[in-house]
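J.: Residue numbers (this note's numbering), protein chains in the order written: chain A, 363 to 1167; chain B, 1046 to 1329.
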Amino acid sequence: MKDEVESRDDRVANLKGMGCSRKRVEDARFTQGKGNYVDDIKLDGMLFGDFVRSPYAHARVVSINTEEALKVPGVLAVLTAADLEPLGLHWMPTLAGDKQMVLADGKVLFQGQEVAFVVAEDRYAAADGIELVEVEYDELPVIVDPFESLKSDVVLREDLDPKADGAHGPRKHHNHIFTWDAGDKEPTEQVLAEADVVATESMYYHRTHPCPLETCGCVASMDKVNGKLTLWGTFQAPHAIRTVVSLISGIEEHNIRVISPDIGGGFGNKVGAYPGYVCSVVASIVTGKPVKWIEDRMDNLMTTAFARDYHMTGKIAATKDGKITGLHCHVTADHGGFDACADPTKFPAGFMNICTGSYDIPTAYLEVDGVYTNKAPGGVSYRCSFRVTEAVYFIERMIEVLAIELNMDATELRRINFIKKEQFPYKAALGWEYDSGDYHTAWDKALKTVDYEGLRAEQAQRVEDFKAGKTRTLMGIGLSFFTEIVGAGPVKNCDILGLGMFDSCEIRIHPTGSAIARLGTISQGQGHATTFAQILASEIGLPADSITIEEGDTDTAPYGLGTYGSRSTPVAGAATAMAGRKIRAKAQMIAAYLLEVHDNDVEFDVDRFVVKGAPERFKTMKEIAFAAYNQAIPGIEPGLEAVSYYDPPNMTYPFGAYVCVMDIDVDTGVPEIRRFYALDDCGTRINPMIIEGQVHGGLTEALAVALGQEIAYDDMGNVKTGTLMDFFLPTAWEVPNYETDFTVTPSPHHPIGAKGVGESPHVGGVPCFSNAVQDAFRPFGNRHTNMPHDHWRIWQTANKLGLHG
Amino acid sequence: MIPAAFEYYRPSDLAGVIELLEEHGDDARVMAGGHSLIPMMKLRMADVPHLIDLQGISGLSDITIDTESIRIGALVTQTNIICHEDLAAAAPILRETALQIADPQVRNMGTVGGNVANGDPGNDMPGLMQCLNASFTLIGPDGERNVAARDFYEAAYMTAREDDEVLTAVTIPLPEGGYAYEKQKRKIGDYATAAAAVQITKIGETCASASIAMTNLSDIPVFSEAASTALVGTSVDDAALKAAVGAMLGDIDPTEDNRGPVAFKKHVAGVILRRAILRAWSRA
Ligand SMILES: Cc1cc2nc3c(=O)[nH]c(=O)nc-3n(C[C@H](O)[C@H](O)[C@H](O)COP(=O)(O)OP(=O)(O)OC[C@H]3O[C@@H](n4cnc5c(N)ncnc54)[C@H](O)[C@@H]3O)c2cc1C
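(1) According to the neighbour-count rule (16 or more other Cβ atoms, all chains shown, within 10 Å of its Cβ), is B/L1066 buried or exposed?
(2) Do A/P572 and A/G355 count as a contact pair if the criterion is CB distance below 9 Å?
(3) Please identify, using Cβ separations under 8 Å, the residues of the segment 639-661 of chain A that lie next to chain B, in order along the chain.
(4) Just to make sure I have the definition right: I need the residues of chain B whose C-beta is within less than 8 Å of the C-beta of A/D1088. Which are they?
(5) At 8 Å on the CB atoms, spell out the chain A contacts of B/M1046, in chain order.
(6) Can B/T1238 be considered in contact with ligand 1, in the sense that its beta carbon sits closer than 8 Å to one or more heavy atoms?
(7) I believe A/H1146 touches A/Q1136 by the beta-carbon criterion, under 8 Å. Please report the beta-carbon distance rounded to the nearest angstrom.
(8) For A/E758, name the three-state secondary structure that DSSP assigns.
(9) Can you list the beta strand (DSSP E) stretches of 3 or more residues lying completely in the segment 474-506 of chain A, in chain order?
(10) If we count the other Cβ atoms within 10 Å of its Cβ and call it buried at 16 or more, is A/F971 buried or exposed?
(11) List the endpoints of the continuous alpha helix (DSSP H) containing A/V643.
(12) For chain A, check one thing: does any of its Cβ atoms lie closer than 9 Å to the Cβ of B/V1313?
(13) Could you tell me the distance, in whole angstroms, from the CA atom of A/F700 to the CA atom of A/D915?
(14) In or out: B/Q1123 buried (at least 16 other Cβ within 10 Å) or exposed?
(15) Find the residues of chain B that neighbour A/A489, judging by a C-beta separation of less than 7 Å, and give them in chain order.
(16) Mapping the DSSP letters down to three states, classify A/K364 as helix, strand or coil.
(17) Bridge partners for B/R1116 per DSSP, in chain order?
(18) Using a C-beta cutoff of 9 Å, does B/A1201 count as contacting chain A?
(19) Which of the three DSSP states, helix, strand or coil, is assigned to A/D1076?
(20) Any idea what DSSP makes of A/P418, helix, strand or coil?
(21) With 16 as the cutoff for other CB atoms within 10 Å, does B/L1088 come out buried or exposed?
(22) Determine the chain B residues that contact A/R485 at a beta-carbon separation under 7 Å, and present them in chain order.
(23) In chain order, what residues of the same chain have a beta carbon less than 7 Å from the beta carbon of B/T1156, not counting five sequence neighbours either side?
(24) Please report the residue range of the beta strand (DSSP E) in which B/C1176 lies.
(25) Using a Cβ-Cβ cutoff of 7 Å, what residues of the segment 1205-1231 of chain B are near chain A? List them in chain order.
(26) Give me the chain B residues within the contact set of A/K832, using Cβ-Cβ distance strictly less than 7 Å, ordered along the chain.
(27) In its own chain, which residues sit with a C-beta less than 6 Å from the C-beta of A/G638, not counting the 5 before and 5 after it?
(28) Just mark A/V587 as buried or exposed, buried being the case when its beta carbon has 16 or more other beta carbons within 10 Å.
(29) Opposite A/W453 in the DSSP bridges: which residues?
(30) Should A/V1128 be listed as close to ligand 1, given that the test is whether its C-beta is under 8 Å from any heavy atom?
(31) For A/M363, count neighbouring Cβ atoms within 10 angstroms of its own Cβ and tell me buried if that reaches 16, exposed if not.
(32) Return the Cβ separation of A/P623 and A/W594 in integer angstroms, given the expectation that the two are a contact with Cβ distance under 8 Å.
(33) For the structure I just gave you, are there three or more beta carbon pairs, one from the segment 404-420 of chain A and one from the segment 457-476 of chain A, closer than 8 Å?
(34) DSSP state of A/S842, grouped into three classes?
(35) Taking the alpha helix (DSSP H) that B/W1326 belongs to, which residues open and close that run?
(36) Starting from the beta carbon of A/D1029, find every residue of chain B whose beta carbon is closer than 7 Å, and list them in chain order.
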């Protein structure tokens, strides 16, 4: 028999289980143009809907005349708020406890806001119809600055009672949304008052956008005969969307089927619910035909889910020799016209309270004020767990500023303050309990690999040469050490719209020893079909190649909260392992029966159960699977299936150490990245190749954000960066070579010790690129300049420091 | 991003094109590579009820090089320019410029004729053609005429070409000496923050002639005669460079956009020109 000649190593290799760089099973279809995205869906008689959008950022809608539009051949209907009102669908709830206009109800609050929905036989007719809808606007004063907004008499949200509390407590002003805080206010103020040294800095983390290659869209199909609604869409959380659709439409949940097909990137942009979904559903109900809505690039950049827009002020206190004693952070958060942030309910500022970072800071206080302005709603976590990028950027800048204040090397300052290995699990001042970490080891490894001392010596020489007129470039060394908080999350403190943030996996083993597993998450490029099969292969001893992973269809997959915030592996990955263990437990009983020994006398070995002490007596998982379907085993039900709903006991806390070396042309402001080193610790590594790919992608989006990617508005609330000419999406040309490295500190509470990794490189990368720019100018007196560090802003920094002669 | 409805024509000779242009006046536009025109139509910033595709016309895709000049047919693509070895030997600045335009996909479609006829100050070829003192051949109902590149541009998207004329070729006197096209942009596929085209000849260690033009720093491409003259007769030392840059700054008129404010653009224009001159000089 083949099995007898196969070594144990061969058997392990055949499984392609955890730890191997299994090639992505998705790529065969993606690289051959055989993916199936929402816009690939074509149904008989399908209509196309698209929006008339507001050219103004703040205006009253005086009238809407649809007469001419309805004359366009192929245009069937034009929906306005007046049509949706009788259904109660002219407004919809947001994920943040606010509500948002589906179609302009009397006024518009941001440029690009949805005003009317034109339904036509094809998208060309819809586009022509849009041109002919006549909307009369009465312009109102525009507010694009949140500080001004809090002082202004202009009431942005006339629908809200200015005196009434919002979803997150009292509001201070009619344009104020919430105040949220964490930590201890007075003790922190006292520490600051008594400290040897206090460094203060204000920084603006600009508004940007996730800009996935595939924009948002959906196809809604209401079958009037059987009363069932099918909704295909670019949803990062299909099950939650089903529940939301049911709650707002009144259609019972069993009559709604939500399907996320292949998704071309999400990065947070596809978590929320958008007016396009509601209008498509209504249009399908009204017309009795399937209706498709697909954003174009400008719609996507201007209207669906931006990220960041945080004005942060920090105070950090330390002793003379660099021990940090306290941290204070205030944020003014610009949420735009509606509060549509996608955060767990109890966290209106996401996990911003991870802003003590990787450091043992005994006392801290965070306060966040959310504010309405005339900008698009959103506030999603673009490639990060809820607002963690903001938090890490904040602390990694504060550390650098403190290092300047103390005249101390920033690597040493970090080393002094890192949470020590033996302090884990570590309870942070702002509430979180960090599960595990070994920061000193990672930091030392990173600095040694890049020859940090050598780089500093080279930089000092460069400064000399610059001062002597021998060169016009400066060298910056960017450092960052980050801790992510991912895997939301424990149901006790994390829910979205009341739905606990557990996740799930359901496994069916087929008689011949192959399997299908379905999960509550949905891949958008992360490679779930590859990696979750690897987890299972190791857990149940069937080859990963014999395991199909399926996600995204609410009629077949178990309920789950979807994919964002690096939660898939920490939560659904855990559910997969746990369900696999249930399979294994039953398999053990079957094996024992077949081998005629007691259950406890067999043990699992790679792909089989073996009689203890008699390795020649075994049953492979393949044999066991068959037996499960053809043997009458006393006391055991036929079949081999399992389901697990996993509520994680804690978040996971991946971390990493990054170094960037940059050369900056002082005269043109052009930065050149010479080297980028990224060490990531995501605990147990399921597929090193996929990890590397995720790190490359996250770093590239970090580079984009740090060096130019921005949603900018002028004073009139016009979006200045609505196309890819001005919105920076890096290509291979702009991207440097990345060096990746790792340490492994498994999560103690996760069944396989894995943490998340997809977002780490973004979270750690943004401050690293930014710190490199800032560091280049540090010898000339720079403390802090705001991102994005595009050419002219870098040039401006040099100019202000007098470096242009 | 869906254009308004339009009629599509693909005539097989120039006479057919001109006939359509005469018939439809400014309701008609010719299309070469379509990579400036189609985006404008999709944004509904260009309204073109009658679109005349030039791709069916033969004889507009040749590159001919003789002892005095180079003639480039209007439909020659940027990729054709990059790949043409004889052209690269005769006028290497053309390849250097084309390689800094957009990305390979765009360059496979974008034509020289479209690039110079478009009238967008962001296009790189118009500045280059100022520097090279090219002339453009136009054919219309009244026959053929030539217009000097330096007289062609009137304002953004306004050129000396009449609505019923087609640009058929670009003729360039064989360039001599050192060359450089230096462009600063934010990323691949971006128009210039500032760009400079320079040709220089030298006799001994002295600059014998110079030609300097700038891209995207005014509403038209800028030929800076003053900057060119500032170099002639010098050894292209620091004083000469300063004089040339100073003269150039007097000729440009940049406006603020997402690339940055005017002060930044002027500063960068000076830096870029200085670098272009030095590179051209080192090759002279
Ligand atoms: C992403 C992107 C980036 C780009 N980056 C750059 C860049 O960095 N630098 C740069 O220079 N260009 C850039 N371009 C523009 C590109 O080079 C265009 O292809 C070029 O400007 C126009 O050439 P075309 O053949 O595509 O012209 P078309 O788009 O077909 O036409 C442009 C205009 O010229 C007219 N026209 C075309 N041919 C003729 C003719 N023979 N006679 C009379 N009129 C004519 C048309 O009617 C139209 O008004 C970019 C384009 C894109 C899409």
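Cβ coordinates follow ideal geometry from the N, Cα and C atoms, glycine included.
T.: To lay it out plainly:
(1) As a position in the second sequence, residue 1066 of chain B is number 21, starting the count at 1. B/L1066 comes out buried.
(2) Outside the shown range of chain A, which is 363 to 1167, sits residue 355 of chain A, and nothing can be said about it.
(3) D658, R659 and M660
(4) Sequence index remark: in the first sequence, residue 1088 of chain A carries index 726 (1-based). Correct list: N1303.
(5) The residue you call residue 1046 of chain B lines up with position 1 of the second sequence. Residues of chain A passing the Cβ test: D658, R659 and M660.
(6) Stepping through the second sequence from its first residue, residue 1238 of chain B is reached at position 193. B/T1238 Cβ: outside cutoff for every heavy atom of ligand 1.
(7) Here residue 1146 of chain A refers to the residue found at position 784 when the first sequence is read from its first residue. Here residue 1136 of chain A refers to the residue found at position 774 when the first sequence is read from its first residue. Between A/Q1136 and A/H1146 the Cβ distance is about 6 Å, and since that is below 8 Å, they are a contact.
(8) Position 396 of the first sequence, counted from the start, is the residue given in the question as residue 758 of chain A. Correct three-state label for A/E758: helix.
(9) 476-482 and 496-501
(10) Numbered from 1 along the first sequence, position 609 holds the residue referred to as residue 971 of chain A. Classification for A/F971: buried.
(11) Counted from its first residue, the first sequence places residue 643 of chain A at position 281. Counting along the chain, the alpha helix (DSSP H) containing A/V643 begins and ends at P637 to T649.
(12) Your numbering for residue 1313 of chain B matches position 268 in the second sequence. Cβ-Cβ to chain A under 9 Å: yes for B/V1313.
(13) Position 338 of the first sequence, counted from the start, is the residue given in the question as residue 700 of chain A. Position 553 of the first sequence, counted from the start, is the residue given in the question as residue 915 of chain A. Cα to Cα, A/F700 sits roughly 30 Å from A/D915.
(14) Counting from 1 along the second sequence, the entry for residue 1123 of chain B is found at position 78. B/Q1123 should be labelled buried.
(15) For the purposes of this step, residue 489 of chain A is taken as the residue at position 127 of the first sequence. Result: I1047.
(16) Here residue 364 of chain A refers to the residue found at position 2 of the first sequence. Confidence is the limiting factor: at A/K364 the pLDDT is only 49, short of 50, which leaves the residue's position unreliable, though a coordinate-based value still follows. In this structure, A/K364 counts as helix in the three-state DSSP scheme.
(17) Walking along the second sequence from the start, residue 1116 of chain B turns up at place 71. Paired residue(s): B/T1109 and B/T1216.
(18) Counted from its first residue, the second sequence places residue 1201 of chain B at position 156. B/A1201 does not count as touching chain A.
(19) For the purposes of this step, residue 1076 of chain A is taken as the residue at position 714 of the first sequence. Coil at A/D1076, not helix or strand.
(20) Numbered from its first residue, the first sequence carries residue 418 of chain A at position 56. Sequence inspection shows Tyr at residue 418 of chain A; the Pro mentioned does not correspond to that position. Three-state DSSP puts A/Y418 in coil, outside helix and strand.
(21) Residue mapping note: residue 1088 of chain B aligns to position 43 of the second sequence, counting from 1. By the 10 Å Cβ count, B/L1088 comes out exposed.
(22) In the first sequence, residue 485 of chain A corresponds to position 123, counting from 1. Simply I1047.
(23) Taking the first residue of the second sequence as position 1, residue 1156 of chain B is located at position 111. Closer than 7 Å at the Cβ level, and outside the excluded window around B/T1156, lie A1077, G1078, A1119, L1120, V1121 and T1122.
(24) The residue given as residue 1176 of chain B occupies position 131 in the second sequence. From DSSP, B/C1176 is part of no beta strand (DSSP E) but of the alpha helix (DSSP H) over D1169 to L1177.
(25) Q1229 and R1231
(26) Walking along the first sequence from the start, residue 832 of chain A turns up at place 470. Ordered by position in chain B, no residue passes the 7 Å Cβ test against A/K832, which lies about 15 Å from the chain.
(27) Along the first sequence, read from residue 1 onward, the residue named residue 638 of chain A stands at position 276. Within the same chain, A/G638 has close Cβ partners W655.
(28) Taking the first sequence and counting its residues from 1, the one referred to as residue 587 of chain A is at position 225. Under this definition A/V587 is an exposed residue.
(29) Sequence index remark: in the first sequence, residue 453 of chain A carries index 91 (1-based). In DSSP, A/W453 forms a bridge with A/M463.
(30) Taking the first residue of the first sequence as position 1, residue 1128 of chain A is located at position 766. False, no ligand heavy atom lies under 8 Å from that Cβ.
(31) Residue numbering aside, residue 363 of chain A sits at position 1 when the first sequence is read from its first letter. Unreliable placement is indicated for A/M363, whose pLDDT of 46 sits below 50; the coordinate value is still reported in the next sentence. So A/M363 counts as exposed.
(32) For the purposes of this step, residue 623 of chain A is taken as the residue at position 261 of the first sequence. For the purposes of this step, residue 594 of chain A is taken as the residue at position 232 of the first sequence. Yes, A/P623 and A/W594 are in contact; Cβ-Cβ is about 6 Å, under 8 Å.
(33) yes
(34) Here the question's residue 842 of chain A lines up with position 480 in the first sequence. Three-state result, A/S842: strand.
(35) For this step, residue 1326 of chain B is matched to residue 281 along the second sequence. Looking at the DSSP string, the run of the alpha helix (DSSP H) that includes B/W1326 is V1307 to R1328.
(36) Here residue 1029 of chain A is taken as the residue at index 667 of the first sequence, counted from 1. Correct list: V1316.
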